[in-house]
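**Q**
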Amino acid sequence: MTALRILVVDDEPAIRRFLNTSLGSQGYSIGEAEDGAAALAALSREPAPDLIVLDLGLPGMDGFEVIRRVRASGASVPIIVLSVRTDEAGKVKALDLGADDYVTKPFGIDELLARIRTALRHRLQQEGERPIFKVDALSVDLVRRLVTVGDADVKLTPREYDLLRVLVAHAGKVLTHKYLLQEVWGEETDVQYLRIYVRTLRQKIEADPEQPKLIQTEQGVGYRLKAPD
Amino acid sequence: MRVFSNPAPAAGPPPQGWRPYAVSLAYTALALAAGLVVSRYFDIAQVGLVFILPVMASAVRFGRWPSLATCVAAAAVYNFFFLPPLYTFFIAKADDTMAFAIFVAVALITSNLAARMRAEAMVAHERAVATDRLYQFSAKLAAVYTLDDLLWATAFQIAQMLKVQVVILLPQDGQLGIRAGYPPDDRMSAADTAAAAWVWQHAESAVHGCAHASDAKRLYLPMRTGRGLVGVIGLESDGVPLRQSEARRLFDALADQAALAIERIVLAEAIEKTRLAAEAEKLRGALLTSISHDLRTPLAVILGAASSLKDLGGALDPAAHHELASTIQDEAERLNRFIANLLDMTRLESGALAPRLEPTDLGDVAGSAAARASRILAGHTLHVAVEPDLPLVRLDPVLFEQALFNLLDNAGKYAPAGTAVTLSARRYGAVVRLDIADEGPGIAPADLERIFDKFYRAQAADAKRASTGLGLAIARGFVEAMGGRLTAANRNEPGRSGAVFTISLPIEAP
Numbered sequence: 538m539t540a541l542r543i544l545v546v547d548d549e550p551a552i553r554r555f556l557n558t559s560l561g562s563q564g565y566s567i568g569e570a571e572d573g574a575a576a577l578a579a580l581s582r583e584p585a586p587d588l589i590v591l592d593l594g595l596p597g598m599d600g601f602e603v604i605r606r607v608r609a610s611g612a613s614v615p616i617i618v619l620s621v622r623t624d625e626a627g628k629v630k631a632l633d634l635g636a637d638d639y640v641t642k643p644f645g646i647d648e649l650l651a652r653i654r655t656a657l658r659h660r661l662q663q664e665g666e667r668p669i670f671k672v673d674a675l676s677v678d679l680v681r682r683l684v685t686v687g688d689a690d691v692k693l694t695p696r697e698y699d700l701l702r703v704l705v706a707h708a709g710k711v712l713t714h715k716y717l718l719q720e721v722w723g724e725e726t727d728v729q730y731l732r733i734y735v736r737t738l739r740q741k742i743e744a745d746p747e748q749p750k751l752i753q754t755e756q757g758v759g760y761r762l763k764a765p766d
Numbered sequence: 165m166r167v168f169s170n171p172a173p174a175a176g177p178p179p180q181g182w183r184p185y186a187v188s189l190a191y192t193a194l195a196l197a198a199g200l201v202v203s204r205y206f207d208i209a210q211v212g213l214v215f216i217l218p219v220m221a222s223a224v225r226f227g228r229w230p231s232l233a234t235c236v237a238a239a240a241v242y243n244f245f246f247l248p249p250l251y252t253f254f255i256a257k258a259d260d261t262m263a264f265a266i267f268v269a270v271a272l273i274t275s276n277l278a279a280r281m282r283a284e285a286m287v288a289h290e291r292a293v294a295t296d297r298l299y300q301f302s303a304k305l306a307a308v309y310t311l312d313d314l315l316w317a318t319a320f321q322i323a324q325m326l327k328v329q330v331v332i333l334l335p336q337d338g339q340l341g342i343r344a345g346y347p348p349d350d351r352m353s354a355a356d357t358a359a360a361a362w363v364w365q366h367a368e369s370a371v372h373g374c375a376h377a378s379d380a381k382r383l384y385l386p387m388r389t390g391r392g393l394v395g396v397i398g399l400e401s402d403g404v405p406l407r408q409s410e411a412r413r414l415f416d417a418l419a420d421q422a423a424l425a426i427e428r429i430v431l432a433e434a435i436e437k438t439r440l441a442a443e444a445e446k447l448r449g450a451l452l453t454s455i456s457h458d459l460r461t462p463l464a465v466i467l468g469a470a471s472s473l474k475d476l477g478g479a480l481d482p483a484a485h486h487e488l489a490s491t492i493q494d495e496a497e498r499l500n501r502f503i504a505n506l507l508d509m510t511r512l513e514s515g516a517l518a519p520r521l522e523p524t525d526l527g528d529v530a531g532s533a534a535a536r537a538s539r540i541l542a543g544h545t546l547h548v549a550v551e552p553d554l555p556l557v558r559l560d561p562v563l564f565e566q567a568l569f570n571l572l573d574n575a576g577k578y579a580p581a582g583t584a585v586t587l588s589a590r591r592y593g594a595v596v597r598l599d600i601a602d603e604g605p606g607i608a609p610a611d612l613e614r615i616f617d618k619f620y621r622a623q624a625a626d627a628k629r630a631s632t633g634l635g636l637a638i639a640r641g642f643v644e645a646m647g648g649r650l651t652a653a654n655r656n657e658p659g660r661s662g663a664v665f666t667i668s669l670p671i672e673a674p
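The following block contains the structure:
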């Protein structure tokens with residue numbers, strides 16, 4: 538099997554330089570682009586990248602525009618966005634435009650690698666979901682609709698189960714409030730509903746609902762279910 | 165003390181001393197001589213007209229009282245010398261009595277009219293002088309730009325024109341206080357403070373006799389414009405009462421002009437304050453952007469590379485290991501430069517920069533700056549060409565090296581890798597010129613000055629150069645602090661594009 542190809546799009550040479558070295562050491566084959574135009578050009582070339590790491594603050598054509606154009610071209614290549622901490626609205630916008638996940642600068646390499654693995658796994662497994670999902674003590678049988686924590690069965694309302702099912706389907710990935718509301722409620726209702734359901738779900742599946750390990754809050758963006766190791 | 169009180173008669177001041185009367189008597193004597201000559205050829209009745217002349221002359225020159233005295237003297241002389249029986253004060257004939265009565269009436273009316281004309285002419289003259297002074301005052305006020313100068317000029321002018329002592333009080337931090345005085349005076353008794361405060365609150369004059377002003381040594385008057393009260397003026401005179409109408413009119417005109425000028429300056433200061441606040445806000449925004457980018461990017465790289473070394477240790481081959489370590493070093497140095505730049509800027513701005521000038525070998529400084537920049541310019545070719553027999557120049561070598569370094573750093577950022585950067589120094593008469601020339605895209609003409617502004621980055625095609633936007637501002641600040649000049653231009657050589665930064669340093673006479 539040939540190495541998976543990652544395209545790093547950032548105008549800062551120093552960022553490209555260290556990502557090239559670090560990601561390269563993990564067996565990925567790295568391509569670099571310093572702006573949006575170069576990124577789009579790299580996408581149209583064979584072999585196309587398997588994943589894009591994209592800085593939002595590019596000169597000229599910004600990262601949002603790059604996402605828009607990539608998705609408009611029909612490409613489903615996973616996109617992980619590099620963003621700054623204070624820019625929640627930018628993260629949500631990037632995710633809504635079709636980015637798969639984001640990492641906040643500055644970041645540790647294992648955080649980025651985890652996001653990359655999650656995104657690539659979803660790409661490889663898009664066709665068949667695993668019938669039984671397990672992370673930590675939580676186990677979800679998607680065929681029999683059974684949820685257990687340790688040995689104990691957990692009783693969930695249909696809505697709570699739907700919420701968990703969507704999170705499981707995208708385990709490891711951040712899901713925006715908007716996306717979850719659409720998937721679970723089928724309409725854009727008040728984000729307050731979502732908060733309430735997340736809280737009750739946590740009380741049923743988390744060991745310590747006050748310090749959740751499974752359903753993680755991405756402040757101002759959405760929620761992320763812990764990915765199986 | 166009373167200032168605007170006791171209206172004097174509308175006519176001019178009473179003539180002083182005996183001189184007007186003596187002169188008037190002389191006029192009468194002249195008229196007598198003329199009358200004696202005239203009476204030889206004409207009828208006696210005509211002689212009476214001759215005696216109108218001294219009365220008129222006296223009235224025009226000296227005013228009412230001397231002219232009345234002349235009137236009496238002329239009537240007596242006329243009667244004594246010309247009306248029979250001659251050389252007596254009696255009048256024999258009824259005709260002569262009539263002529264004498266008419267003479268006296270005409271003389272009186274004439275003296276009165278002439279005296280009034282004279283008084284009016286005097287008032288007109290005074291007004292013309294006052295108007296002229298007011299005009300000069302307003303011209304002076306228009307040329308004053310600081311509040312202190314303005315207040316001093318106003319106090320001086322009012323003191324001069326009204327012969328009084330003046331203090332001007334303005335509100336400051338909610339408290340009314342003396343801001344200027346002529347002659348300088350900053351003493352305020354409790355009664356004075358109360359009177360001034362009362363005027364400020366009620367926007368009315370505190371007249372003597374009012375309870376709140378009875379013990380005050382000054383008279384306090386409001387200064388106002390159409391927009392409201394701007395201050396209070398306190399007047400104190402040495403007891404010479406001023407004529408009400410003229411002095412008051414003059415004072416009002418002076419106070420109105422001063423109030424307008426004060427308002428103009430206060431408004432201008434407020435606008436300037438707002439402008440400075442906006443400027444500071446803009447600068448703070450630029451600083452935040454600059455810091456968030458210039459601090460965050462190297463930090464992100466250092467953190468990422470360090471975590472790679474730590475977490476991926478086993479997977480890294482020696483070359484990758486070395487690459488990550490040197491990435492960390494480069495970015496740490498970049499951070500260090502950025503922080504040094506921020507500190508330098510702070511030193512420049514706070515005025516804490518004290519260059520230690522000493523005779524300096526430019527070749528030496530250029531060499532060390534080039535050595536320091538060698539890592540940054542690793543992708544470029546750096547030529548250093550310093551004329552061998554350059555004189556020593558009085559410089560702070562540390563600051564100057566930093567200025568050169570910032571210029572080389574700038575060239576490294578904007579000129580593409582593989583091009584040449586040239587640092588040359590040459591003597592031109594009494595000036596040494598250093599040129600730092602690159603082969604980059606050059607500088608847009610509109611940017612040639614702006615690139616020296618704090619946090620300004622040339623936007624050419626790349627909004628996010630790894631620069632602080634401070635380097636050039638600091639270089640210029642340092643060079644100017646050492647008495648030199650730093651300018652930017654585009655290279656004007658056939659076949660060569662690029663920017664050239666020029667430092668000009670004066671050579672002191674040995």
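For the record, the sequence lines run as chains A and B.
Going by this note's numbering, the first sequence opens with residue 538, and the numbers climb by one from there.
Going by this note's numbering, the second sequence opens with residue 165, and the numbers climb by one from there.
Quick reminder that beta carbons are idealized off the backbone N, C-alpha and C, glycines included.
B:L559 to B:E565, Cα distance in whole Å?
**A** 10 Å
**Q** Would DSSP call B:Y384 helix, strand or coil?
**A** In the three-state scheme derived from DSSP, where H, G and I count as helix and E and B as strand, B:Y384 is classed as strand.
**Q** Where does B:Y592 fall in DSSP's three states?
**A** Looking at B:Y592 - three-state DSSP - the assignment turns out to be strand.
**Q** So with CB distances below 7 Å, who are the chain B contacts of A:R554?
**A** Neighbours of A:R554 on chain B, chain order: T491.
**Q** Measure from the alpha carbon of B:R428 to the alpha carbon of each residue in B:R391, B:N505 and B:D553, then state which is nearest.
**A** B:R391
**Q** Taking Cβ-Cβ distances shorter than 7 Å, what residues in chain A pair up with B:S471?
**A** What B:S471 touches in chain A: G645, I646 and D647.
**Q** Run the CB neighbour count on A:V758, radius 10 Å, all protein chains shown included, and call it buried at 16 or more, exposed below.
**A** Classification for A:V758: buried.
**Q** Have a look at the DSSP bridge pairing and note the partners of B:R649.
**A** B:R649 has B:S668 as its beta-bridge partners, per DSSP.
**Q** Got a sec? Which residues, its chain only, sit under 8 Å from A:I604 by beta carbon, not counting five neighbours each side?
**A** L591, I616, V618, A631, L634, G635 and A636
**Q** Is it a yes or a no for the segment 539 to 553 of chain A touching the segment 480 to 489 of chain B, going by three-plus beta-carbon pairs under 8 Å?
**A** No: fewer than three Cβ pairs fall under 8 Å.
**Q** Taking B:R649 as the reference, give the member of B:D416, B:S222, B:A567 and B:L506 with the closest Cα.
**A** For B:R649, the nearest C-alpha among the options comes from B:A567.
**Q** When you compare the segment 461 to 481 of chain B with the segment 558 to 565 of chain A, are there three or more beta-carbon pairs, one atom per stretch, that lie closer than 8 Å?
**A** yes
**Q** Let me check understanding here. Comparing Cα to Cα, which of A:T713, A:G600, A:L657 and A:R608 lies closest to A:D570?
**A** Checking the sequence shown, residue 570 of chain A turns out to be Ala, not Asp. Selected option, being the one with the closest Cα: A:G600.
**Q** Counting pairs of Cβ atoms below 8 Å between the segment 485 to 499 of chain B and the segment 668 to 677 of chain A, do you hit three or more?
**A** no
**Q** Going by DSSP, what residues sit across from B:Y346 in a beta bridge?
**A** Bridge partners of B:Y346: B:V330.
**Q** At least one CB of chain A closer than 8 Å to the CB of B:G468: is that the case?
**A** yes
**Q** Using a Cβ-Cβ distance under 8 Å, would A:S559 count as near chain B?
**A** yes
**Q** B:L314 and B:L305 - do their beta-carbons sit closer together than 8 Å?
**A** yes
**Q** For B:P580 and B:G659, I'd like the C-alpha separation in whole angstroms.
**A** 16 Å
**Q** Would you mind listing the beta strand (DSSP E) stretches within the segment 531 to 608 of chain B that are 3+ residues and don't spill past its ends, in chain order?
**A** 545 to 550, 557 to 559, 584 to 592 and 595 to 601
**Q** Rounded to a whole number of angstroms, what is the C-alpha to C-alpha distance between B:W229 and B:V214?
**A** 20 Å
**Q** Given a cut-off of 8 Å on the beta-carbon distance, is the pair B:N654 and B:G604 in contact?
**A** no
**Q** Could you give the residue range of the alpha helix (DSSP H) that holds A:V721?
**A** H714 to W722
**Q** Determine the DSSP secondary structure at A:L738, reduced to helix, strand or coil.
**A** helix
**Q** Tell whether a beta-carbon distance below 8 Å holds between A:V629 and A:L595.
**A** no
**Q** In three-state DSSP terms, what is A:T539?
**A** In the three-state DSSP reduction, A:T539 falls in the coil class, being neither helix nor strand.
**Q** Counting only runs of 3+ residues fully inside the segment 435 to 512 of chain B, write out the beta strand (DSSP E) ranges in chain order.
**A** none
**Q** Just the Cα atoms here: how many angstroms apart are A:L544 and A:G597?
**A** 19 Å
**Q** Please confirm if A:L751 has its CB atom under 8 Å from at least one CB of chain B.
**A** no
**Q** Which residues in chain A sit within 8 Å of B:L333, going by Cβ to Cβ distance?
**A** Under the 8 Å cutoff, chain A gives no residues; its nearest Cβ is about 51 Å from B:L333.
**Q** Keeping to the same chain, check which residues put their C-beta closer than 6 Å to that of A:H707; ignore five residues upstream and five downstream.
**A** none
**Q** Using a Cβ distance threshold of 8 Å, determine whether the segment 535 to 545 of chain B contacts the segment 570 to 586 of chain B, with at least three qualifying pairs required.
**A** yes
**Q** If you count every other CB in all the chains shown that lies within 10 Å of the CB of B:Q421, and 16 or more means buried, which is it?
**A** buried
**Q** Closest Cβ-Cβ distance between A:E602 and chain E: below 8 Å?
**A** Protein chains in the displayed structure are A and B, and chain E is not among them.
**Q** Please return the same chain residues whose Cβ sits closer than 6 Å to the Cβ of B:L334, not counting the five positions on each side in sequence.
**A** Taken in chain order, the residues that qualify are R343 and G395.
**Q** Quick one: what's A:K671 bridged to in DSSP?
**A** A:S676
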